[in-house]
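Chemist: Positions 8 to 129 (the working numbering) are the ones given, in order, by the sequence shown.
C-beta: ideal position from N, C-alpha, C; glycine also.
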Amino acid sequence: MERKGQVLTSRLSYAFGAFGHDMFYATLSTYFIMFVTAHLFDKSSGANGAKMIGYITLIIMILRFVELAIDPFIGNTIDNTSTRWGNFKPWIVGGGLISAITIAILFTNMGGLNAPTQCCTW
Numbered sequence: 008m009e010r011k012g013q014v015l016t017s018r019l020s021y022a023f024g025a026f027g028h029d030m031f032y033a034t035l036s037t038y039f040i041m042f043v044t045a046h047l048f049d050k051s052s053g054a055n056g057a058k059m060i061g062y063i064t065l066i067i068m069i070l071r072f073v074e075l076a077i078d079p080f081i082g083n084t085i086d087n088t089s090t091r092w093g094n095f096k097p098w099i100v101g102g103g104l105i106s107a108i109t110i111a112i113l114f115t116n117m118g119g120l121n122a123p124t125q126c127c128t129w
């Protein structure tokens, strides 16, 4: 039988984890849409820009279906994981670290990769 403190800690951990996941997804998806529509294609590209946005949308849709297909295998792998910390905690910690690093890199200039170009400096 669990103590009340453990139950409260478990529920709070789940709530904060879900909140953090939702914040990460909202930030990532909002930034991605802003990047695709405002920064990746200039306003003068016209039909070419619309075509490229369509390609990116298609790629995202295909990735969602691939994710749908491999989710049962990932769930099975997680269920079959047995460590001294349980079968979920290593995956949650690993996913949290990868997400934190990814979101931190997203808002940097990536070593000059995302730096604006200077065409004319007079």
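1) For ASP86 and PHE95, what's the separation of their Cα atoms in angstroms?
2) For CYS127, name the three-state secondary structure that DSSP assigns.
3) Closer than 7 Å to a non-hydrogen atom of the ligand NAP - does that hold for the CB of ILE108?
4) Below 8 Å on the Cβ atoms is my contact criterion, and I expect ILE110 with PHE42 to pass it. Report the Cβ-Cβ distance as a whole number of Å.
5) Quick one: grab the DSSP three-state call for ARG91.
6) Less than 8 Å between the C-beta atoms of ILE99 and GLY27, yes or no?
7) Return helix, strand or coil for THR115, following the three-state DSSP convention.
8) Among GLY103, LEU113, ILE112, whose alpha-carbon lies nearest the alpha-carbon of TYR21?
9) Could you spell out where the alpha helix (DSSP H) holding PHE80 opens and where it closes?
10) Who are the near neighbours of ALA90 in its chain, counting only those whose CB is closer than 7 Å to its CB and skipping five residues on each side?
11) Would you kindly check if the distance between the Cβ of LEU35 and the Cβ of LEU113 is under 8 Å?
Modeler: Short version:
1) Pairing ASP86 with PHE95, the inter-Cα distance amounts to about 8 Å.
2) The pLDDT assigned to CYS127 is 47, lower than 50, so where the model puts this residue is not dependable, and the model offers no usable value.
3) Among the ligands in the structure shown, none appear at all, so the ligand NAP cannot be discussed.
4) Rounded, the Cβ-Cβ distance is 14 Å, inconsistent with contact.
5) Judged by DSSP in its simplified three-state form, ARG91 adopts coil rather than helix or strand.
6) Not in contact: ILE99 and GLY27 (Cβ atoms no closer than 8 Å).
7) Looking at THR115 - three-state DSSP - the assignment turns out to be coil, as it is neither helix nor strand.
8) Comparing Cα-Cα distances from TYR21 to each of GLY103, LEU113, ILE112, the minimum goes to GLY103.
9) Looking at the DSSP string, the run of the alpha helix (DSSP H) that includes PHE80 is 54-86.
10) The identity of residue 90 in the sequence shown is Thr, whereas the question assumes Ala. Within the same chain, Cβ atoms closer than 7 Å to the Cβ of THR90 are found at PRO97, the five residues on either side in sequence being excluded.
11) For the 8 Å CB-CB criterion, LEU113 and LEU35 form a contact.
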